[in-house]
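One structure is given below, encoded as structure tokens.
Residue numbers (this note's numbering): 2 to 692.
If you want it as structure tokens, here you go:
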């Protein structure tokens with residue numbers, strides 16, 4: 002047969018992933034028929050984004066707007082503008098912070114240059130250059146209801162991450178306009194305030210440019226113009242929308258507050274505040290590109306049924322790619338969460354679902370805390386995250402049908418988590434596969450391979466007491482140590498697991514139950530006999546620390562084949578036709594999701610793998626690449642185009658370094674173990690038929 006081709010290893014071949022027999026290096030692809038977004042040639046590379054200079058502008062009868070002139074020109078005329086703004090006899094100067102904590106604090110000493118606090122004659126704070134030297138706020142206004150204007154001030158040096166250049170709290174009737182914030186962590190923070198106007202403010206910050214917070218509708222009902230900018234890009238502030246779609250905008254900040262049935266499609270936020278959704282229902286963010294937003298790319302606060310989908314790049318945010326707080330029914334799907342502090346952070350939120358995503362090099366892929374209930378993550382790929390999933394404080398969480406590769410820890414479960422389920426996942430090359438201090442949990446039907454310790458209930462030093470967990474029907478393969486049960490573990494049931502090709506079986510220092518229902522575990526290399534033929538070994542298996550399996554299984558097949566994440570792949574019939582018209586019918590696993598294509602034959606024992614055939618399917622044709630890392634038997638690769646015509650093939654040998662690249666584009670790839678392929682006896686395959 003013709004040889005010489007293969008599938009992906011790159012980011013969408015333009016920015017996404019593809020499949021591979023053992024998995025692509027960065028296997029993410031966008032789902033079909035979704036809003037397209039511009040893609041970077043390399044989304045893992047930090048880009049230099051040019052800053053658009055927005056000069057100082059002034060409003061009112063006594064001032065002139067300078068539009069979009071260059072910053073240098075704006076700064077040259079700054080002093081002249083201040084002269085126009087400040088009453089006769091006043092002198093513009095550099096000063097320290099302005100602090101106004103009540104109506105009585107509107108005084109000349111606090112920067113007020115004119116006004117009486119009425120709608121017709123508001124207090125004016127204008128023309129100051131405010132230089133901070135360790136103070137949290139440059140201009141602080143709290144507990145006031147007089148009318149006031151903060152205009153034409155330059156605030157520098159607000160470097161307290163918990164502070165801001167301009168801070169307004171529990172106040173109303175204010176206008177903040179034509180100000181510049183530079184060399185600061187946070188720009189303008191509005192908290193629990195009403196009836197404010199913000200316009201023409203230039204915010205050059207390292208963290209948050211603008212944030213509006215509160216607990217009721219009026220706290221978000223402000224007039225905030227898109228003439229405000231965050232790091233050179235406009236602020237888009239939406240309040241009270243219903244049934245609207247916002248398409249293809251670029252911004253430094255997007256807020257959607259007290260809105261429902263809103264769609265944000267194809268939006269871009271770079272080096273800004275990201276997207277902030279508060280007190281809203283049925284908001285969809287789709288096809289967004291969110292890059293280098295310093296804190297959080299998407300925040301969902303006190304909202305319901307928010308959907309984030311098909312966002313190829315949610316990347317390089319220090320705190321989180323997506324943060325969900327005090328919300329319910331939020332879904333994150335088919336998106337790339339790359340190089341963030343947390344990929345998805347879920348805090349005090351219920352019924353959150355995270356599915357079909359690609360997590361890459363995040364500190365923690367998914368972090369769940371605040372006693373969040375009924376969290377579910379499935380069909381995700383976690384690649385080189387420090388921790389794939391961390392259940393810090395969760396009730397009823399489920400992590401299923403996902404692939405974890407080269408993480409320090411696949412799934413980490415802390416002591417405040419209970420009633421969890423970790424099932425049908427594949428974990429390859431992780432330091433720890435599952436690390437648990439939780440209780441009443443179930444760890445089942447996982448394939449954990451090449452780990453330092455496959456499953457560990459670590460020592461808690463009396464800080465946690467893992468109780469009532471079940472570990473069953475897992476394949477613990479080619480790991481240094483299969484299972485560790487720490488001193489505080491109580492009542493763990495361990496049965497029908499496969500301990501296969503290990504350096505150390507494990508240790509049990511707690512009080513746990515091996516073979517609680519009469520059947521224990523299978524151990525490769527078990528030397529015992531089965532004199533009565535009941536399938537149970539006559540000699541117990543002992544573990545360091547005192548654990549004892551009294552009923553080791555003699556037959557590996559009594560447990561069955563455990564495929565981990567591949568166990569949820571579809572099964573169908575494929576027919577191969579050769580040049581002589583001969584046909585061979587095969588039952589194949591269908592790997593049409595990227596975590597399945599990434600995985601392929603990785604970590605499957607050759608004793609099982611030789612009986613499998615995997616059909617890789619993409620949404621569109623491409624020259625996707627393959628590798629054979631962590632694959633233990635030779636494979637025959639057959640490639641086919643959209644019509645099922647043969648597009649090339651290659652014989653692949655187990656080799657952790659070699660990359661197999663295609664010569665032609667294809668959309669189907671069939672991987673057949675070499676031994677199985679030879680048994681078919683086909684010559685010159687020409688066609689793939691999928692009945």
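Backbone N, C-alpha and C define an ideal beta-carbon position, used for all residues, glycine too.
In this text the structure is predicted, and so the values were computed from the model without any measurement.
Beta-carbon spacing of residue i, residue j below 8 Å
i: residue 434; j: residue 469; result: no
i: residue 161; j: residue 231; result: no
i: residue 447; j: residue 422; result: no
i: residue 520; j: residue 497; result: yes
i: residue 126; j: residue 100; result: no
i: residue 182; j: residue 217; result: no
i: residue 430; j: residue 451; result: yes
i: residue 286; j: residue 276; result: yes
i: residue 344; j: residue 326; result: no
i: residue 317; j: residue 292; result: yes
i: residue 236; j: residue 223; result: no
i: residue 207; j: residue 137; result: no
i: residue 475; j: residue 445; result: yes
i: residue 166; j: residue 189; result: yes
Between the CA atoms of residue j and residue i - distance to the nearest angstrom
i: residue 214; j: residue 186; result: 18 Å
i: residue 575; j: residue 380; result: 24 Å
i: residue 176; j: residue 209; result: 20 Å
i: residue 590; j: residue 413; result: 30 Å
i: residue 522; j: residue 539; result: 13 Å
i: residue 117; j: residue 416; result: 58 Å
i: residue 240; j: residue 383; result: 36 Å
i: residue 515; j: residue 618; result: 42 Å
i: residue 660; j: residue 607; result: 21 Å
i: residue 374; j: residue 351; result: 5 Å
i: residue 153; j: residue 202; result: 9 Å
i: residue 358; j: residue 335; result: 5 Å
i: residue 337; j: residue 320; result: 16 Å
i: residue 248; j: residue 266; result: 5 Å
i: residue 644; j: residue 542; result: 55 Å
i: residue 634; j: residue 621; result: 29 Å
i: residue 581; j: residue 341; result: 54 Å
i: residue 484; j: residue 455; result: 6 Å
i: residue 569; j: residue 399; result: 15 Å
i: residue 220; j: residue 194; result: 5 Å
i: residue 66; j: residue 303; result: Since pLDDT at residue 66 reaches only 35, below the 50 mark, its modelled position is unreliable, and no value is offered.
i: residue 427; j: residue 453; result: 15 Å
i: residue 642; j: residue 449; result: 34 Å
Chain D contact for residue i (CB, 8 Å cutoff)
i: residue 97; result: Included in the structure is just one protein chain, with no chain D present.
Residue span of the alpha helix (DSSP H) that contains residue i, given as start and end
i: residue 619; result: Run containing residue 619: none in the alpha helix (DSSP H); it sits in the beta strand (DSSP E), 615-623.
i: residue 501; result: From DSSP, residue 501 is part of no alpha helix (DSSP H) but of the beta strand (DSSP E) over 499-501.
i: residue 597; result: 595-600
i: residue 608; result: 607-610
Exposure label - residue i; buried when at least 16 CB within 10 Å
i: residue 144; result: exposed
i: residue 168; result: buried
i: residue 28; result: Residue placement at residue 28 is poorly supported in this model, since its pLDDT is 34, which falls under 50; the coordinates still yield a value, given next. The residue in question, residue 28, is buried, as its Cβ has 16 or more Cβ neighbours within 10 Å.
i: residue 685; result: exposed
i: residue 244; result: exposed
i: residue 556; result: exposed
i: residue 457; result: buried
i: residue 96; result: exposed
i: residue 536; result: exposed
i: residue 603; result: buried
i: residue 271; result: buried
i: residue 108; result: exposed
i: residue 678; result: buried
i: residue 23; result: Since pLDDT at residue 23 reaches only 39, below the 50 mark, its modelled position is unreliable, and no value is offered.
Residues that DSSP places opposite residue i in a beta bridge
i: residue 507; result: 484
i: residue 678; result: According to DSSP, residue 678 bridges with nothing at all.
i: residue 170; result: 143, 192
i: residue 235; result: 230
i: residue 495; result: 472, 515
i: residue 261; result: 243, 282
i: residue 287; result: 266, 310
i: residue 254; result: 236
Start-to-end residues for the beta strand (DSSP E) that takes in residue i
i: residue 377; result: 377-379
i: residue 313; result: Where residue 313 is concerned, there is no enclosing beta strand (DSSP E), given that its DSSP letter is neither H nor E.
i: residue 343; result: 343-348
i: residue 368; result: 365-370
i: residue 152; result: 149-152
i: residue 457; result: 454-458
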